[in-house]
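> After the structure tokens below, expect a handful of questions from me.
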Amino acid sequence: MEARRIAVDIVAGALKRAQTLDAALDSEHGHPDLARLDARDRAFVKVLAAETLRRHGQIDLAIKRFLEKPLPKSAAMVNTILSVGACQILFLDVPPHAAVDTAVSLAAADRAGRHFRGVVNAVLRRIDGARDDLRAMPDPGRLNTPGWLADRWTAAYGAEVAGAIMAAHLEEPPLDLTVRSEPEVWAQRLGGTALPTGTVRLTGAGDVTRLAGFEDGAWWVQDVAAALPAKLLGNVQGLRVVDLCAAPGGKTAQLAAAGATVTAVDRSAARMKRLEANLARLGLAARTVVADAAEWQPDEPFDAVLLDAPCAATGTLRRHPDIAWIRRASEIGRLADLQRRLLRRAVDIVKPGGTIVYATCSLEPEECEAGVDALIDAGAPVERVPVGAGEIFGLDQCLSPAGDLRTLPAHTPVPGRDPSDRDPRGGMDGFYAARLVRT
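One point on numbering: in full-length UniProt numbering, the residue at position 37 of the sequence shown is 37, and numbering is uninterrupted.
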């Protein structure tokens, strides 16, 4: 029952207090009771919390169908207990009686919830009885997406592509690794697949730290789409490159492994410590600077700038389903203003003739091409350099009309595949990247 109690706390933290799953599951600063669980129970907590949030819309509808009247605000935790219980019955291989019994026990342990033990028992048993019908609700992608996001994606990409994006978010993502070398060898050793991009993809990998090559620094975790923007800088051997907003350091590692002299800048001291720890494990070196990238001024300009700007992260809902319920539409404009400040700073600190790659893990146009277009229209001394399909391993479906990189969760990392033709190797995160050269 302890694992389920912690999962309830984590789901409540996301839905009620906007606490991210990453923060709650952090091994050092996350939920205080996680460390007491064994590895198997910790993994169950992660899967249960993530799937409850991934299917939040569907689960909420199921609960409302069998709840005779809304619960009072004082019993907010009961709603979360019901959600976690319903998730186990509908979407996980948990015996229904175990899900019901533990949910009733959790309600009994809650000061307000003890009065609703009967309600919890009745609602979950009714959900179990209607399990097949509830699983077969039409258009589950749309049901599990907040309305404001669904409307934005439909406006930006059209109804068909937006529907494919929302459907892709319901698939549990595989584990992607960027390897230092020999992806085919590591794919065979780890029981995975070497994708055309060089990423090694695993399914059902379990505890990452127990995989071969982790301690030796042979690879690092990085979604296949997240590994593409750094490649747009081309050959960086011997170049001075700055990675702005660098933590947790996947792109810094790529640049360092490719032979660049890297400066990593991030405003968070805690996140920078994690970046430094990752580089140490990988045996890679970079100069690290804790500073606000929008204000930081280096002693001399760089040959190239990689700016992976803070954003709404709506392209990462496959891996971070909590983001859908934490973000608000009002945040997009504020983040876009910050991104444009960072873009101007990137222009200021790169040499004439130097390259800037601007990237976000967002699906929102304001955070992507609109910011680049605004920079150019304002007369900044830059030119857009279109990306060629060959530079992204033939993934021409991931190119925008302007020649920018645009990956979608509905895309597959295989050249020539239509987004509607789902590949068993899984999709990719939604990323945007534009390449600029300072004139």
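C-beta: ideal position from N, C-alpha, C; glycine also.
On the three-state DSSP scale, how would you describe residue 351?
If DSSP states are grouped into helix, strand and coil, residue 351 belongs with the strands.
> When burial is assigned at 16 or more other CB atoms within 10 Å of the CB, is residue 424 buried or exposed?
Only weak support is given to the placement of residue 424: the predicted model assigns it a pLDDT of 47, under 50, and the question is left unresolved by the model.
> To the nearest angstrom, how far is it from the Cα of residue 206 to the Cα of residue 40?
Looking at the two C-alpha atoms, the distance is approximately 9 Å.
> Who are the near neighbours of residue 403 in its chain, counting only those whose CB is closer than 6 Å to its CB and skipping five residues on each side?
386 and 387, listed in sequence order.
> Have a look at the DSSP bridge pairing and note the partners of residue 221.
Residue 221 is bridged to 177.
> Taking one C-beta from the region 119-139 and one from the region 307-325 each time, how about it: are there three or more such pairs within less than 8 Å?
They do not touch, by the three-pair rule.
> Taking C-alpha atoms, which residue in 92, 215 and 187 lies nearest to residue 172?
Ranking 92, 215 and 187 by Cα distance to residue 172 puts 92 first.
> Just mark residue 295 as buried or exposed, buried being the case when its beta carbon has 16 or more other beta carbons within 10 Å.
Label assigned to residue 295: exposed.
> Check whether the Cβ atoms of residue 371 and residue 343 sit closer than 8 Å, and answer yes or no.
Yes, the pair counts as a contact, with Cβ atoms nearer than the cut-off.
> Using the Cα positions of residue 175 and residue 363, report the straight-line distance between them to the nearest angstrom.
Rounded to the nearest angstrom, the two C-alpha atoms are 21 Å apart.
> Helix, strand or coil: which one does DSSP assign to residue 40?
Note: residue 40 maps to helix in three-state DSSP.
> Just the Cα atoms here: how many angstroms apart are residue 237 and residue 302?
Using only the alpha carbons, I get a separation of about 14 Å.
> Is DSSP giving residue 437 helix, strand or coil here?
Residue 437: strand per DSSP, three-state reduction.
> Quick check on residue 51: buried or exposed, where buried means 16 or more other Cβ atoms within 10 Å of its Cβ?
Buried: at least 16 other Cβ atoms inside 10 Å.
> For residue 275 versus residue 247, is the C-beta distance shorter than 8 Å?
In contact: residue 275 and residue 247 (Cβ atoms closer than 8 Å).
> Residue 368 to residue 429, Cα distance in whole Å?
Rounded to the nearest angstrom, the two C-alpha atoms are 15 Å apart.
> How far does the beta strand (DSSP E) with residue 256 in it reach, from first residue to last?
Element bounds for residue 256: not the beta strand (DSSP E) but the alpha helix (DSSP H), 250-257.
> Under 8 Å between the Cβ atoms of residue 409 and residue 168?
Yes, they are a contact pair.
> Quick one, are the C-beta atoms of residue 241 and residue 304 less than 8 Å apart?
For residue 241 and residue 304, yes; Cβs fall inside 8 Å.
> Give me the residue from 126, 129, 157 and 110 with the minimum Cα distance to residue 400.
When each option's Cα is compared against that of residue 400, the closest is 157.
> For residue 42, which of 26, 56, 57 and 55 has the nearest alpha-carbon?
For the residues 26, 56, 57 and 55, the minimum Cα distance to residue 42 belongs to 26.
> List the residues that DSSP assigns as beta-bridge partners of residue 262.
Residue 262 pairs with 241.
> Would DSSP call residue 67 helix, strand or coil?
Coil at residue 67, not helix or strand.
> Straight-line CA distance for residue 384 to residue 244?
Their Cα atoms are separated by approximately 19 Å.
> Can you tell me which of the three DSSP states residue 20 falls into?
Coil at residue 20, not helix or strand.
> Which value, in whole angstroms, describes the spacing of the CA atoms of residue 406 and residue 432?
About 5 Å.
> Going by other Cβ atoms of all chains shown within 10 Å of its Cβ, with 16 needed for buried, is residue 148 buried or exposed?
With fewer than 16 Cβ atoms within 10 Å of its Cβ, residue 148 is classed as exposed.
> Could you spell out the range, first to last residue, of the beta strand (DSSP E) harbouring residue 304?
Note, residue 304: beta strand (DSSP E), 302-308.
> State the DSSP-derived secondary structure class of residue 90, mapped to helix, strand or coil.
Here residue 90 sits in helix by DSSP.
> Residue 218 to residue 58, Cα distance in whole Å?
Cα-Cα distance, rounded: 40 Å.
> Name the two residues that bound the continuous alpha helix (DSSP H) containing residue 102.
Run containing residue 102: 96-109, per the alpha helix (DSSP H) assignment.
> On the criterion of 16 or more Cβ atoms from any shown chain inside 10 Å, does residue 29 qualify as buried, or is it exposed?
Label assigned to residue 29: exposed.
> Would you report the Cα separation of residue 8 and residue 328, rounded to the nearest angstrom?
For residue 8 and residue 328, the distance between alpha carbons rounds to 23 Å.
> In terms of DSSP beta bridges, what is residue 202 paired with?
According to DSSP, which records beta bridges pairwise, residue 202 is partnered with 175.
> Residue 271 by DSSP, collapsed to three states: which one?
The answer is helix: DSSP assigns residue 271 an H, G or I state.
> Please report how far the alpha carbon of residue 13 lies from the alpha carbon of residue 23, in whole angstroms.
Cα to Cα, residue 13 sits roughly 10 Å from residue 23.
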